[in-house]
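Last residue of the sequence shown: number 454 in the working numbering, and the count goes up by one each step with no gaps.
These notes concern the structure reproduced below.
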Amino acid sequence: MAEIHPFRAFRYDTKRVSLDQVLTQPYDKITPAMQERYYAASPYNLIAIEKGRILPGDSPEINVYTRAAQKLEEWIANKILVQDAAPGIYVYAQEFLVPGTQTRRIRTGFIALGRIEDYEAHVVFRHEGTLSAPKADRVELLRHTHAQTGQLFMLYDDPGRKIETWLDEASRRSAPLELHDEFDVTHRLWPVSDAAFLRNIQKEMSAKKIIIADGHHRYETALNYRNECRVRLANPGPLAAYEFAMMTFINAHSKGLTILPTHRLVRDLPDFDFDRFRRALARSFDWYSYPFQNAEERAASYAEFRKDLAGQNHGRRAIGIYPWGGPFYLFLLRRDADLERWLLDVSEAQRGLDVILLHRLILGDGLGITPEAVAAEKNISYEREMDAAVAAVDRGEAQLACLLNPVRVQQVMDIALGGDVLPQKSTDFYPKLLSGLAIYRVERRIEV
Numbered sequence: 007m008a009e010i011h012p013f014r015a016f017r018y019d020t021k022r023v024s025l026d027q028v029l030t031q032p033y034d035k036i037t038p039a040m041q042e043r044y045y046a047a048s049p050y051n052l053i054a055i056e057k058g059r060i061l062p063g064d065s066p067e068i069n070v071y072t073r074a075a076q077k078l079e080e081w082i083a084n085k086i087l088v089q090d091a092a093p094g095i096y097v098y099a100q101e102f103l104v105p106g107t108q109t110r111r112i113r114t115g116f117i118a119l120g121r122i123e124d125y126e127a128h129v130v131f132r133h134e135g136t137l138s139a140p141k142a143d144r145v146e147l148l149r150h151t152h153a154q155t156g157q158l159f160m161l162y163d164d165p166g167r168k169i170e171t172w173l174d175e176a177s178r179r180s181a182p183l184e185l186h187d188e189f190d191v192t193h194r195l196w197p198v199s200d201a202a203f204l205r206n207i208q209k210e211m212s213a214k215k216i217i218i219a220d221g222h223h224r225y226e227t228a229l230n231y232r233n234e235c236r237v238r239l240a241n242p243g244p245l246a247a248y249e250f251a252m253m254t255f256i257n258a259h260s261k262g263l264t265i266l267p268t269h270r271l272v273r274d275l276p277d278f279d280f281d282r283f284r285r286a287l288a289r290s291f292d293w294y295s296y297p298f299q300n301a302e303e304r305a306a307s308y309a310e311f312r313k314d315l316a317g318q319n320h321g322r323r324a325i326g327i328y329p330w331g332g333p334f335y336l337f338l339l340r341r342d343a344d345l346e347r348w349l350l351d352v353s354e355a356q357r358g359l360d361v362i363l364l365h366r367l368i369l370g371d372g373l374g375i376t377p378e379a380v381a382a383e384k385n386i387s388y389e390r391e392m393d394a395a396v397a398a399v400d401r402g403e404a405q406l407a408c409l410l411n412p413v414r415v416q417q418v419m420d421i422a423l424g425g426d427v428l429p430q431k432s433t434d435f436y437p438k439l440l441s442g443l444a445i446y447r448v449e450r451r452i453e454v
């Protein structure tokens, strides 16, 4: 099962730099505006490595990857980045408000090295497919820097929360490193090198399977790089550094584990007619409207709609629809809906996903949007915040918004462990794990 090890992370020297000025969000969440803001924050900001600028004069000899490798070497030589003296596991906690609510949560896990496993070994499981372009970019960066700066977000199953209890006990023994990011998330880190603690964590994890929550492209990048190194380098044994990746492990039963929905915006449909769309869904959905005539009524209808969408009083699966000009609609799956016959080509677990109902029945049957069009984002775009999705429709940027409840953690676990994957943009684990909090240098051999 899962094999984990402590390691000697490279970390920013907080006597030289302020962590909130040098750490970044994961590379795939960094917008051009964020990239520029990071560059301006500090000459030592991780952006120069994590997602550097592509310059007009770049060549095979001098480019974004060679510059990243050069920066890493400079910062290590100048002791901006310093390697910890002893191998350890790093307790990592994040305190945050769930977006759109006043609910405050704390999610606690730990950073360690995990052995990279082929999916066929049934130790590491994915829940999403991947694309080739991001993997090509990440593996080229890894080839040049020989370092992992971002975290792989992994889930493990521990209903009794034994490991979390140990993490909480370890965190009470010392003050953490602490910073606040641009999304008002507080990040805390406790390096722990106590031998008994490390052995307990390793032994408990050795019986577990792990699921990739976030970082599928980075995991497969590490897997491809491992395979390259096995061919290119003399075999130094099972503890070769390239056989491992830096991972943050979170209990699937953690009270702080939060998945947000990703809403869909529909646009550019010729001759779109909402009444025709609604009639096309009559065999599979009942609907209820939340009309309004003025701003005051609109606010009240929107609040009632959101409550009913998230609630369970109706006892049925619900998807929200907001067309341009309103009103808000709640589409409830009919009690006699024959999903087994209509969705014959998907597993029973997948039929339990609202996003499958949305893509197959609403977008497909109701609007004629093909899977190919969805993949190409021809008629579909994505928005995490419900308010932003509704506002996009109000501005005329979309013809309607399809508003979803989040996928449940147990659904992710069941589908992944069953060897299946969810559709793209089904899960948004919040908050993201900061890059640069710990850096794993892929050297000759890990220390044990």
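Where is the CB? At the ideal position from N, CA and C, for every residue including glycine.
Bear in mind the structure is a predicted one, so any value in this text is a computation, not a measurement.
Shortest Cα-Cα distance from Asp-220 to any of Tyr-231, Thr-264 and Glu-234 involves Thr-264. The continuous beta strand (DSSP E) containing Trp-293 extends over residues 291 to 296.
Boundaries of the beta strand (DSSP E) harbouring Asp-434: 434 to 436, taken from the DSSP string. Scanning its chain for C-beta atoms nearer than 8 Å, with the 5 sequence neighbours on each side dropped, one finds around Phe-337 the residues Leu-287, Phe-291, Asp-292, Trp-293, Ala-324, Ile-325, Gly-326, Ile-327 and Ile-368, in chain order. By the neighbour-count criterion, in which 16 or more other beta carbons inside 10 Å mark a residue as buried, Leu-61 falls on the exposed side. Assignment of Val-399 by DSSP, reduced to helix, strand and coil, places it in the helix class. Nearest to His-133 by C-alpha distance, out of Asn-84, Ala-99, His-222 and Gly-370, is His-222. By the Cβ neighbour-count rule, Pro-437 is buried, with 16 or more other Cβ atoms within 10 Å of its own. Between the alpha carbons of Asn-385 and Ala-379 lies a distance of about 6 Å. Leaving aside the five residues that flank Val-415 on each side, the residues in its chain whose CB is nearer than 7 Å to its CB run, in chain order, Ala-258, Leu-263 and Ile-265. With respect to the 7 Å criterion, Arg-194 and Arg-144 are not classified as neighbours on the basis of their beta carbons. Less than 7 Å separates the beta-carbon of Ser-295 from that of Tyr-335. Phe-102 counts as buried, since at least 16 other C-beta atoms from the protein chains shown sit within 10 angstroms of its C-beta.
Taking every protein chain shown into account, the CB of Asp-360 has 16 or more other CB atoms within 10 angstroms, so this residue is buried. Between the C-alpha atoms of Ala-228 and Ala-91 there is a straight-line separation of about 25 Å. For Leu-266, the enclosing beta strand (DSSP E) has its first and last residue at 264 to 266. Scanning Trp-172, Gly-317, Leu-185 and Ile-218 for the CA closest to the CA of Arg-205 turns up Trp-172.
In the three-state reduction of the DSSP assignment, Ala-15 falls in the coil class, being assigned neither a helical nor a strand state.
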